[in-house]
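Numbering (my numbering), first residue to last: 1379 to 1777.
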């Protein structure tokens, strides 16, 4: 691995460098073969090879012609999902929707548990909002206590609240009942956002859909955010959507460009109704892989693997082991790319987020971790600080 690859990681802020940056810097493979990616949280089983072949066959058409307008693509997605188009806004990735939610609907303050997806802390701080960060305690496996979060919001006077369900990076999930209780407790707020970007990977609660989409359309201050790229394994297309009552959804939709979705997004959306079974099968396989991967990682001495309902696992390295060096050496020696979490508020370099992958890839990861951690090499062991201190420093950011 070249020094330029290491420098890309070490100059990154809240997010890892892109796949394009890494390949241009020479991280495309080596003696161990192609890089195995445990960093980008994709679905490895969708789209199917047949779908990819169909996309290749239409590549000239997709690249040559304008897409339909967003309303046309949104109407088709709503037909597939059984939603009312008046309650939906589609964006060029969920981060575009987060940006517009912040600009249009968030007033002076926003509360969010940490660690979590970086745009929920970074975006409002960039526009001068006060971000009230609620630390998720490691002693509880980073589980969110809804009552304690509501009390925190009341004490701080936050006007907007965010819950990522499941949360990224730990995969923690609130039950539907607990989340509805929290939403009711926070009904006085300007806005409540439930980010369900990874919810399709969660185990159903007794066969019941855990999503709050149907409740969001009936409430005056609730938005549910969903991602398509993560679920469908198509991050590069950049498409996601939100669901809310017609007034809230309409405000966001009116701010978006008429042609904010590209032809790749349109093509995939119009393929979905014919491939629902393959998608459902892919989700079930990811859930099976998650159980298998957690079992294998849990056998490594000193490694703590937290319960997850996402398509990733949050792991704590043995005491004194530096995740930056583990990340760099896994890539250099074993061709394995992982997400080190030292640049996530509320986390530290003692934690990795590992995307769920098929068993052969997992065994490559386990082998690399065994080689690095079992050796007790001084190059991967150095003290690291808890993320709690960083949260304390930033708790009142923007105030």
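Where a beta carbon is used, it is the ideal one built from N, C-alpha and C, also for glycine.
Alpha-carbon spacing of residue i relative to residue j, whole angstroms
i: residue 1502; j: residue 1454; result: 32 Å
i: residue 1418; j: residue 1733; result: 7 Å
i: residue 1693; j: residue 1723; result: 16 Å
i: residue 1425; j: residue 1611; result: 7 Å
i: residue 1619; j: residue 1413; result: 31 Å
i: residue 1621; j: residue 1430; result: 28 Å
i: residue 1487; j: residue 1514; result: 19 Å
i: residue 1471; j: residue 1613; result: 8 Å
i: residue 1678; j: residue 1748; result: 7 Å
i: residue 1730; j: residue 1695; result: 8 Å
i: residue 1556; j: residue 1548; result: 18 Å
i: residue 1750; j: residue 1707; result: 8 Å
i: residue 1460; j: residue 1646; result: 17 Å
i: residue 1725; j: residue 1617; result: 28 Å
i: residue 1627; j: residue 1710; result: 46 Å
i: residue 1523; j: residue 1746; result: 35 Å
i: residue 1744; j: residue 1682; result: 14 Å
i: residue 1676; j: residue 1658; result: 27 Å
i: residue 1427; j: residue 1656; result: 11 Å
i: residue 1433; j: residue 1474; result: 25 Å
i: residue 1565; j: residue 1599; result: 7 Å
i: residue 1395; j: residue 1665; result: 27 Å
i: residue 1587; j: residue 1609; result: 16 Å
i: residue 1648; j: residue 1416; result: 29 Å
Residue i, buried or exposed, once every other Cβ within 10 Å from all chains shown has been counted against 16
i: residue 1371; result: In the structure displayed, the chain extends from 1379 to 1777; residue 1371 sits before or after that span and is not available.
i: residue 1499; result: buried
i: residue 1756; result: Note on residue 1756: pLDDT 45, under 50, position unreliable in the model; the coordinate value appears next. Under this definition residue 1756 is an exposed residue.
i: residue 1717; result: buried
i: residue 1667; result: buried
i: residue 1643; result: buried
i: residue 1653; result: buried
i: residue 1437; result: exposed
i: residue 1631; result: buried
i: residue 1491; result: buried
i: residue 1738; result: exposed
i: residue 1443; result: exposed
i: residue 1705; result: buried
i: residue 1485; result: exposed
i: residue 1735; result: buried
i: residue 1518; result: exposed
i: residue 1567; result: buried
i: residue 1528; result: buried
i: residue 1691; result: buried
i: residue 1697; result: exposed
Expected contact under 8 Å - CB spacing of residue i and residue j to nearest Å
i: residue 1536; j: residue 1594; result: Their Cβ separation, rounded to whole angstroms, is 19 Å, which puts residue 1536 and residue 1594 out of contact at 8 Å.
i: residue 1339; j: residue 1551; result: Examination of residue 1339 is not possible in this model, given that the chain is present from 1379 through 1777 alone.
i: residue 1601; j: residue 1476; result: Actually they do not touch by this definition, with Cβ atoms about 10 Å apart.
i: residue 1701; j: residue 1720; result: 6 Å
i: residue 1641; j: residue 1440; result: 5 Å
i: residue 1569; j: residue 1538; result: 4 Å
i: residue 1742; j: residue 1714; result: 6 Å
i: residue 1596; j: residue 1574; result: With a Cβ gap of about 17 Å, residue 1596 and residue 1574 do not count as contacting.
i: residue 1651; j: residue 1458; result: 5 Å
i: residue 1512; j: residue 1530; result: 5 Å
i: residue 1423; j: residue 1727; result: No, residue 1423 and residue 1727 are not in contact; Cβ-Cβ is about 31 Å, not under 8 Å.
i: residue 1607; j: residue 1615; result: 6 Å
i: residue 1689; j: residue 1421; result: 7 Å
(Q) Taking 8 Å as the cut-off, does the region 1540-1552 touch the region 1570-1581 (at least 3 CB pairs, one atom from each stretch)? (A) Segments in contact, yes.
Q.
For the pair the region 1447-1456 and the region 1626-1644, tell me if three or more CB-CB distances fall below 8 Å.
A. Remark: three or more beta-carbon pairs, one from each stretch, lie closer than 8 Å, so the region 1447-1456 and the region 1626-1644 are flagged as touching.
Q: List in chain order: all unbroken beta strand (DSSP E) runs of 3+ residues lying wholly within the region 1699-1751.
A: Correct list: 1729-1733.
Q) For the region 1462-1472 against the region 1504-1520, are there 3 or more C-beta pairs whose distance is under 8 Å? A) They do not touch, by the three-pair rule.
Q. Quick one: complete alpha helix (DSSP H) runs, 4+ long, within the region 1442-1499?
A. Correct list: 1448-1459, 1472-1483.
Q: Would you mind listing the beta strand (DSSP E) stretches within the region 1583-1611 that are 3+ residues and don't spill past its ends, in chain order?
A: Fully enclosed beta strand (DSSP E) runs of 3 or longer: 1600-1605.
Q. Whole alpha helix (DSSP H) runs in the region 1628-1686 with 4 or more residues, listed along the chain?
A. If we require 4 residues or more, the alpha helix (DSSP H) runs fully inside the region 1628-1686 come out as 1641-1649, 1654-1676.
**Q.** Start-end ranges of the alpha helix (DSSP H) lying completely within the region 1495-1578, minimum 4 residues
**A.** The qualifying runs are 1497-1504, 1524-1534, 1554-1563.
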